[in-house]
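Below is one structure, written out as structure tokens; the observations come after it.
There are 2 protein chains.
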Amino acid sequence: MARLVAERSDAIAPLAEVFREHGYEGASLALIGEATGLGKGSLYHFFPNGKEEMVQAVLAEIERWFDEAVYAPLRDEVDANGAIDAMLDSVMDYFRSGRRVCLVGALAVSNTRDRFSQAIRGYFVGWVDALHSALVRQGRDDDQARLLSEDAVLAIQGAIVLSRALDDPAVFQRAIDQLRGRLVVEGNHNKGANDDSH
Amino acid sequence: MARLVAERSDAIAPLAEVFREHGYEGASLALIGEATGLGKGSLYHFFPNGKEEMVQAVLAEIERWFDEAVYAPLRDEVDANGAIDAMLDSVMDYFRSGRRVCLVGALAVSNTRDRFSQAIRGYFVGWVDALHSALVRQGRDDDQARLLSEDAVLAIQGAIVLSRALDDPAVFQRAIDQLRGRLVVEGNHNKGANDDSH
DNA sequence: CATAGATTGTACCAATCAGTAAAGACATTA
DNA sequence: TAATGTCTTTACTGATTGGTACAATCTATG
């Protein structure tokens, strides 16, 4: 039997989805209520500051998830190549081959950017820095790693835009493949060296 | 003395700006009226189908401009390297170093995508195809040119997103520089051979 | 100057918007 | 079971939304 009273945390995922699909302005309280199954009363009980607080909560959860699933391995794993590989796999899953919009990226190109600028900046800075760290651990010099990490994050955002514009997930797939070739260094066998294929 | 009656074409530029700044949903008729200096009467006289027709008109004008200023040179100029160089300069100007949003890209990641899918697709297909043509004329093989042209258009969109997210035009600048290095071939002196620097 | 057509201002509409208020239902603890 | 604090339902507000209707005004042509 389902719980009759809801928790704030249960609302985050449907909130994220409705903001992704309709944007900040487009996500009306009617749509939000429908997506979360919560009435206005409940929504304003959990998020007294309305839509703005809902988006902030969603952005915080997105940041938390990326930090745990993507940034931390990039920063901490000894196997930098493996962490980068895993990042590309995670990204492919998370954005559903480009069918799913990046909420943070979408907010960045909207007029609501300024309202969420801190969270938006944090998301991307965290990503670029974490990837930079992995690239340096690969043995690349700082400047090249800086350029490359920025370029990779940028390419992922562009891939979402273009694959949605052309309605073709293969565009996203190709972009990820290209990145794998550009980011994962050849001849680096420090990932365990269990290459016993003889 | 300014003309008392307006023309439809005069409204396109302010319309483009207001849709860029506020998105489709965010651009209310009040904002549109303010931006264009036109009342509802005039707006619905010129665009009987309302906002949708306004956006379609803006997208048509954007497509026309890009086709004339960017795609045509990429397709037709004998100097492919020069055309690509000019494209990157135009892009830098047009998007104001990433400060200005790409309306087509923004629509592609919004829920209004389906309504304008044909125009959105046309814009990006036109760009990728034109760049592909220039890259082939450089002497590259078809597959590499395909990948590279897609990658370049994608990188420009991503650069807009990231530079806005970080509020740093230098990100956009670096992305354009990177593209110049990747797209403009060295040692190709078929651009007129007026290299009389001896 | 008269007429026709293009353009504009104003008043208006029903629907929807974000947000508020408060009484009621629920679960938790004692 | 009584009391407390969390959650939900319902009704409501005033503002704004996109869109319509139409009379008034302007401009070009005869």
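Sequence order for the protein chains is L and C. Anchor point for the first sequence: position 169 equals 168 in numbering that gives the first Met the number 0, and the numbering is continuous, going up by one each time. Anchor point for the second sequence: position 36 equals 35 in numbering that gives the first Met the number 0, and the numbering is continuous, going up by one each time. The beta-carbon is built from N, C-alpha and C at its ideal position, and this holds for glycine as well. Keep in mind the model is a prediction, meaning the values are calculated, not measured.
- Counting only unbroken stretches of 4 or more residues, the alpha helix (DSSP H) elements lying wholly within the region 30-59 of chain L are 39-45, in sequence order.
- Residue-level contact by beta carbon holds for C/H21 and chain L, with a gap shorter than 8 Å.
- Along the region 125-159 of chain L, the positions whose C-beta sits under 8 Å from a C-beta of chain C are L146, E149, D150, V152, L153, A154, I155, Q156, G157, A158 and I159, read in chain order.
- Using a CB distance below 8 Å, the part of the region 165-176 of chain L facing chain C consists of L165, D166, V170, R173 and A174, ordered along the chain.
- For L/L161, the nearest beta carbon of chain C is closer than 8 Å to its own beta carbon.
- Residue range R7 to G25 is occupied by the alpha helix (DSSP H) that includes L/E16.
- The beta-carbon of L/F18 is placed no less than 8 Å from the nearest beta-carbon of chain C.
- Along the region 72-153 of chain L, the alpha helix (DSSP H) occurs as fully enclosed runs of 4 or more residues at 79-93, 102-107 and 116-136, listed in sequence order.
- Per the C-alpha coordinates, the member of L/G157, L/S27, L/E24 and L/I31 positioned closest to L/S96 is L/G157.
- DSSP places L/V184 in the coil class of the three-state scheme, outside both helix and strand.
- Taking 8 Å as the cut-off, the beta carbon of L/V152 is found no closer than this to the beta carbon of C/L73.
- Nothing from the region 33-54 of chain L brings a Cβ to less than 8 Å from some Cβ of chain C.
- Looking from the CA of L/R136, the closest CA among L/G22, L/A174, L/A26 and L/V183 belongs to L/V183.
- With a threshold of 8 Å between beta carbons, C/V100 makes contact with chain L.
- By alpha-carbon distance to L/R112, the top candidate from L/G125, L/D150, L/V77 and L/L58 is L/L58.
- Think of a sphere of 7 Å around the beta carbon of C/R181: no beta carbon from chain L falls inside it, the nearest being about 10 Å out.
- Closest option to L/R120, judged by alpha-carbon separation, among L/L134, L/A133, L/A105 and L/L14: L/A105.
- Straight across, the Cα-Cα distance linking L/G22 with C/V54 is about 18 Å.
- Distance between C/M91 and L/D9, taken at the CA atoms: about 44 Å.
- Note that the region 123-135 of chain C touches the region 65-83 of chain C; at least 3 beta-carbon pairs, one per stretch, sit closer than 8 Å.
- In terms of beta-carbon proximity, C/R112 lines the interface with chain L, with at least one pair separated by less than 8 Å.
- Interface criterion met: the Cβ of L/E24 is under 8 Å from a Cβ in chain C.
- Distance between L/D150 and L/R114, taken at the CA atoms: about 26 Å.
- L/A174 sits buried, since 16 or more C-beta atoms from the chains shown fall within 10 Å of its C-beta.
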